[in-house]
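Under this note's numbering, the first residue of the sequence shown carries the number 47, and numbering increases by one thereafter.
All C-beta atoms in this analysis are idealised placements derived from N, C-alpha and C, irrespective of residue type, glycine included.
Everything on this sheet refers to the single structure shown next.
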Amino acid sequence: MKVNISDFQDKYLKGALIPEDIMAQFVDCSLRGETEAEIRDTVFEEMKIEQFYQAHPNLRPKTEWEVITLSAFLIDLMKSFINREDLLTEKADELARKINLTIDKYKVNQQPTSEIEYLYETTMWLKEEIYKLNEQ
């Protein structure tokens, strides 16, 4: 049986809205056919976690915007490589430079660098492939 969001909010949250980031979990639970009590427990647990992170924002796990941006840049470079576009060497050099700067920044701020180092390794592999392509 699907649980109505409005009824749930009125009954358990005194009419307050379920936070947007928790709404998807509510919908998933409802679609899976979980009981109202199971959904209540899940939503309340998620809300407790969210309240904790609001009180302690420095403890919230985060994906750095730089990692996302550089990943997109690497994907674009791979597409260019597949399509045999021009200026691949310059693009790869620019990406490697940006990644190195980001790694340095992370190290200074004592942030984990494993994700960004993986991007660097992949970029260096792609640079090698570009070099081989240019030699042909």
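The C-beta distance from I162 to V113 rounds to 6 Å, short enough to fall under 8 Å.
At the C-beta level, L116 and K94 stay beyond 8 Å of one another.
Around the beta carbon of K137, 16 or more other beta carbons sit within 10 angstroms, so the residue counts as buried. One alpha carbon belongs to E96, the other to L141, and they sit about 35 Å apart. Nearest neighbour of L134 by Cα position, chosen from L179, C75, K57, V73, turns out to be L179.
Using a 10 angstroms sphere on the CB of T169, the tally of other CB atoms reaches 16 or more, which defines it as buried. If you check the CB distance, E175 and F127 come in under 8 Å. In the three-state reduction of the DSSP assignment, R78 falls in the coil class.
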